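Same order as they appear, the protein sequences are chains L and F. First residue of the first sequence? That's 1 in our numbering, and the numbers climb one at a time after it. First residue of the second sequence? That's 506 in our numbering, and the numbers climb one at a time after it. All residues carry an ideal CB built from backbone N, CA and C; glycine is no exception. Predicted model, so just to flag it, every value in this text is computed and none were measured.
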Amino acid sequence: MNWMTSRKLIAGLAVATALSTAAFALPAQAATLNMAWSQDATGLDPHKQTAFSSLRLLELIYEPLVRLDADLNVVPAIAASWEFAPDAKTLTFKLDPKAKFTNGAAVTPADVKASFDRLMDEATGAAARANFLTIASIDTPDAETVVFNLSTPDVPLLVAMATVNAAIVPASEIEAGNVGNTAVGSGPFILESWEPNSKEVLKTNTEWAGGAIAIEGINISVLPDETAILASLRAGQTDFALLNDPLVATLVPNEQNLTLNRVTGLAYNVLQLNPSRAPMDNLLVRQAMSCAINRQEIVDAALAGEGAVTGPLTMPAFAQEPSTLLCYNQDIATAKSLMEQSGVEPFSVKVIAATGEPPTAASQAQVLQAQLAEIGVTLEIEMMELNVYVDTWLKGDFDMAVAQNGGRPDPYPMYNRYFTNEGNLQKVSNFLDEKSDTLLKQGQWETDPAARKEVFQEWERHMAEQAPWLWLSTGYSYTASQKNVVGFESSPTGTLFGLTTVSIQ
Amino acid sequence: MNYVVQRLITFPLILLGVSILVFVAIRMVPGDAITAMLGTEAGLLTPDQRAALANYFGIDQPVWSQYLRWIGGVFQGDLGISTIYGKPVMTVILERFPLTLQLALMSMVIAMSIGIPLGVLAATRNERPSDLGIRMLAMLGQSTPSFVVGVLIIFVLSVFFGFVPAMGTFTPLLQDPLASIGQLIFPAITLGFAFAASVTRIARSSMLDVLSDDYIRTARSKGASPRSVVWRHALPNALIPVVTLAGVEFGYLLGGAVIVEQIFALPGVGRLTLDAITQRDYALVQGSVLFIAFNFLVVNLLVDLAYVALDPRIRIGNR
Numbered sequence: 001m002n003w004m005t006s007r008k009l010i011a012g013l014a015v016a017t018a019l020s021t022a023a024f025a026l027p028a029q030a031a032t033l034n035m036a037w038s039q040d041a042t043g044l045d046p047h048k049q050t051a052f053s054s055l056r057l058l059e060l061i062y063e064p065l066v067r068l069d070a071d072l073n074v075v076p077a078i079a080a081s082w083e084f085a086p087d088a089k090t091l092t093f094k095l096d097p098k099a100k101f102t103n104g105a106a107v108t109p110a111d112v113k114a115s116f117d118r119l120m121d122e123a124t125g126a127a128a129r130a131n132f133l134t135i136a137s138i139d140t141p142d143a144e145t146v147v148f149n150l151s152t153p154d155v156p157l158l159v160a161m162a163t164v165n166a167a168i169v170p171a172s173e174i175e176a177g178n179v180g181n182t183a184v185g186s187g188p189f190i191l192e193s194w195e196p197n198s199k200e201v202l203k204t205n206t207e208w209a210g211g212a213i214a215i216e217g218i219n220i221s222v223l224p225d226e227t228a229i230l231a232s233l234r235a236g237q238t239d240f241a242l243l244n245d246p247l248v249a250t251l252v253p254n255e256q257n258l259t260l261n262r263v264t265g266l267a268y269n270v271l272q273l274n275p276s277r278a279p280m281d282n283l284l285v286r287q288a289m290s291c292a293i294n295r296q297e298i299v300d301a302a303l304a305g306e307g308a309v310t311g312p313l314t315m316p317a318f319a320q321e322p323s324t325l326l327c328y329n330q331d332i333a334t335a336k337s338l339m340e341q342s343g344v345e346p347f348s349v350k351v352i353a354a355t356g357e358p359p360t361a362a363s364q365a366q367v368l369q370a371q372l373a374e375i376g377v378t379l380e381i382e383m384m385e386l387n388v389y390v391d392t393w394l395k396g397d398f399d400m401a402v403a404q405n406g407g408r409p410d411p412y413p414m415y416n417r418y419f420t421n422e423g424n425l426q427k428v429s430n431f432l433d434e435k436s437d438t439l440l441k442q443g444q445w446e447t448d449p450a451a452r453k454e455v456f457q458e459w460e461r462h463m464a465e466q467a468p469w470l471w472l473s474t475g476y477s478y479t480a481s482q483k484n485v486v487g488f489e490s491s492p493t494g495t496l497f498g499l500t501t502v503s504i505q
Numbered sequence: 506m507n508y509v510v511q512r513l514i515t516f517p518l519i520l521l522g523v524s525i526l527v528f529v530a531i532r533m534v535p536g537d538a539i540t541a542m543l544g545t546e547a548g549l550l551t552p553d554q555r556a557a558l559a560n561y562f563g564i565d566q567p568v569w570s571q572y573l574r575w576i577g578g579v580f581q582g583d584l585g586i587s588t589i590y591g592k593p594v595m596t597v598i599l600e601r602f603p604l605t606l607q608l609a610l611m612s613m614v615i616a617m618s619i620g621i622p623l624g625v626l627a628a629t630r631n632e633r634p635s636d637l638g639i640r641m642l643a644m645l646g647q648s649t650p651s652f653v654v655g656v657l658i659i660f661v662l663s664v665f666f667g668f669v670p671a672m673g674t675f676t677p678l679l680q681d682p683l684a685s686i687g688q689l690i691f692p693a694i695t696l697g698f699a700f701a702a703s704v705t706r707i708a709r710s711s712m713l714d715v716l717s718d719d720y721i722r723t724a725r726s727k728g729a730s731p732r733s734v735v736w737r738h739a740l741p742n743a744l745i746p747v748v749t750l751a752g753v754e755f756g757y758l759l760g761g762a763v764i765v766e767q768i769f770a771l772p773g774v775g776r777l778t779l780d781a782i783t784q785r786d787y788a789l790v791q792g793s794v795l796f797i798a799f800n801f802l803v804v805n806l807l808v809d810l811a812y813v814a815l816d817p818r819i820r821i822g823n824r
């Protein structure tokens, strides 16, 4: 290339840069928050969508009867107050008279009943229905009251209602068959437009019963590559972003204009064993594996230190120190001796993991592979595309699985599906155990908080001893924002509801 | 003309083959729209709930009956409804296609305007330092994956210049040409980089071949200036392999440069197809693959026609 050509090239690039800068360096609108995330919602029906990415959007548009605050306490949403009958078989709500749908209509007990009827209808295909099976009937005695009559005592029901999967939608929209095509909720924001996998425009709901909001709206861009999200934060194009990849998140504090919000999540990383298959059907082998792994090392090496070791219970109100659980401190000598006692020869098993979900799945599998090799357990790692993985996982068709499972603020709805005898994901855990079943059900009926805590902690110790799964760690949920975006409150559930208190300085 | 008609007649047959392949292939991938939407929570559905959802997504029928229903629609110009977008597949594709077309064209312009002069330059300075330099540059361009170039560009722009092109959206060219070109220039450079490298290499070797031909020697002996020999006599013939390469590359680009669209968060056909696959939006996967295949056929036909324009000795119509 001669000198003239290269000079022209550089000049050309400079012009292109100037063109783009001129076109895009316009100041952001004062009070609209520009937000980015890597995964978009997959639909608008709050009763059908369960993907993390969908819930994050729908929580801004719809409201359930109650919600959880940042400390996971149940607080009012559409309902202003509630009360369990002493036998925990009736749950009565008083609705907030100010609550209004964005179509202008007030939220009435009839809407609540219609929403739950829809949710409970099998034709709806709502996965969350499984959490509401104790609801026998719903009464609406007056214009403010809704009474749920339960077939058995069910204390965790209230927490189960604190999710957008139990959102209240207008009875008229249900009747018209519009739920999922349009988004009429009573939440803090109104969905103005949605281009799937590209962008959403949200406008603030000025009539929202929850109070005034300092921003005018939110423009959400879907930037599938998280390094691109970081770049757009650096360039000031994005004000606020949701991050999943710990490696990207750790780069945020290096930028002087950016703040990283980090909160320990309820979701947990786990090595699921399949106790229905040999040699994982041998309790001593499972315990040996639990003793052989160094959970902190997995956090340090695979999660870049971004996480904390956990036992089965991840919610602060119930969790106990993991080091007090059997084999949750690495002990190779004990592990080797347990292997010897089991009489099982060194063996090789396949472990499945999903590509990129969580982003650290492959590295976790590799560290586990190295650690378990020390006691003669050879892991063959099989990486799968997420949908293929989910399919295999749901069939329980694996020796072992590196999984990241979602958490719940209450242990019962979090684990009853896997570890009670009738649990509908029992096929995934492949673990039938009378003691686990009894303890979890006791936790469902028990109304005294202190006694509930003791029940679930006993269950946790039992599960660590039985080791059907080897719980590893919880990760963090991250959001990053410009320094001038203030007032966001993170929550362990990962919700972005904290955007309602945000202002741009 | 006869040839063009013959080719056009084969289009529907090829597309029919593609339609069967894609229909079967996407259904052989485990997981369906229900697991794609609900993830692990799909395990919580009762059989009745699952049946209701299968009916909603239209996957409750046997595969052959789904195919017949779909292909019947295709013949009437209806590619089905996308479950992600809740809109006709054709509408969704046509919304996304202008971006991909513009990106492909811009990459091609970049590749040609850099690759052809560099290739010619290298060929005329065969084995001299400038030739070696260009060849090394071309090798580098070909062996660097586009995601590396893309991420590097984004990193350099954001860290050193504090700016990135607007991502996540697309401004149509007619609406605001400057903004539109500004938005796509860096993705186009990313794609054009590897493309230009291939063009350089092909242009160089084909130019070297042509320069050793008898008619070039004749032209030189007749006293034609070196510039005229290279650009007027040799280049048109040397361009034939370049056109072939450009046609194939352009066809690929029209299929959506998936990785670059992903990195720069551009809502083009490539990302559309990828999202459709991961979310098991069957109608959209089928529709976009058919659309991409159709583009390929059209581009290939145009390439063949371009041969004739470049080299009058080729008479495809008489085959």
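Using beta-carbon distances, Pro772 of chain F counts as an interface residue toward chain L, with a partner under 8 Å. Across the structure, Val222 of chain L and Val309 of chain L are spaced so that their CA atoms are roughly 32 Å apart. In this structure Thr102 of chain L touches Val184 of chain L by the C-beta definition: roughly 6 Å separates them, less than 8 Å. Fully contained in the stretch 29-62 of chain L are the following beta strand (DSSP E) runs of length 3 or more, in chain order: 32-37. In chain order, Ile519, Leu520, Val523 place their CB closer than 8 Å to the CB of Ala798 of chain F, counting only its own chain and leaving out the 5 sequence neighbours on each side. Ser503 of chain L and Gly487 of chain L do touch by the CB rule: their CB atoms are close to 5 Å apart, below 8 Å. In the assembly as shown, Leu810 of chain F is an exposed residue. Its beta-carbon has fewer than 16 other beta-carbons within 10 Å. Bridge partners of Thr204 of chain L according to DSSP: L:Phe189.
Sorting F:Pro535, F:Arg555, F:Leu657, F:Ser618 by C-alpha distance to the C-alpha of Ile782 of chain F places F:Pro535 at the top. About 41 Å separates the beta carbon of Ile168 of chain L from that of Ile298 of chain L, a gap too long to meet the 8 Å contact definition.
In the DSSP assignment, Gly655 of chain F falls outside any beta strand (DSSP E) and within the unbroken alpha helix (DSSP H) covering 651-665. Within the stretch 217-229 of chain L, the residues whose Cβ lies closer than 7 Å to any Cβ of chain F are, in chain order, Ser221, Val222, Leu223, Pro224, Asp225, Thr227, Ala228.
Taking the beta carbon of Pro535 of chain F as reference, the chain L residues within 8 Å of it are Asn387, Val388, Asp391, Thr392, listed in sequence order. Contact between the stretch 222-232 of chain L and the stretch 29-42 of chain L is established, with three or more Cβ pairs separated by less than 8 Å. Rounded to the nearest whole angstrom, the C-alpha separation of Leu642 of chain F and Asp331 of chain L is 55 Å. Looking at the DSSP output, Ala403 of chain L bridges to L:Val270.
Pairwise C-beta distances place the stretch 709-717 of chain F out of contact with the stretch 260-274 of chain L, as fewer than three of them are shorter than 8 Å. Taking Leu260 of chain L as reference, the option from L:Ala267, L:Ala354, L:Val252 with the minimal CA-CA separation is L:Val252. When CB distances to chain F are screened at a threshold of 8 Å, the residues of the stretch 32-48 of chain L falling below it are Ala36, Thr42, Gly43, Lys48, in chain order. With respect to the C-alpha of Asp139 of chain L, the residue from L:Ala130, L:Asp437, L:Leu150 having the closest C-alpha is L:Leu150. For Asn416 of chain L, no Cβ of chain F is located within less than 8 Å of the residue's own Cβ. The Cβ-Cβ distance between Val155 of chain L and Thr447 of chain L falls below 8 Å.
Against chain L, the CB of Phe602 of chain F has no partner CB under 8 Å away; the residue lies outside that interface. Closest option to Ala693 of chain F, judged by alpha-carbon separation, among F:Ile764, F:Thr551, F:Phe516, F:Leu599: F:Ile764.
Put simply, the stretch 557-573 of chain F does not touch the stretch 709-728 of chain F. Fewer than three CB pairs are less than 8 Å apart. In the DSSP assignment, Gly475 of chain L falls within the beta strand (DSSP E) that extends over 469-482. Judged by DSSP secondary structure, Met339 of chain L falls within the alpha helix (DSSP H) whose first and last residues are 332-342. The Cβ-Cβ distance between Ile218 of chain L and Leu44 of chain L does not fall below 8 Å. For Asn805 of chain F, the enclosing alpha helix (DSSP H) begins and ends at 787-815. Secondary structure note for Lys427 of chain L: its alpha helix (DSSP H) is the uninterrupted segment 426-429. Assigned with DSSP and collapsed to three states, Ile621 of chain F falls in helix.
Straight-line measurement puts the Cα of Glu173 of chain L at about 6 Å from the Cα of Val179 of chain L.
Following the DSSP letters along the chain, one finds Asn742 of chain F inside the alpha helix (DSSP H) bounded by residues 740-759.
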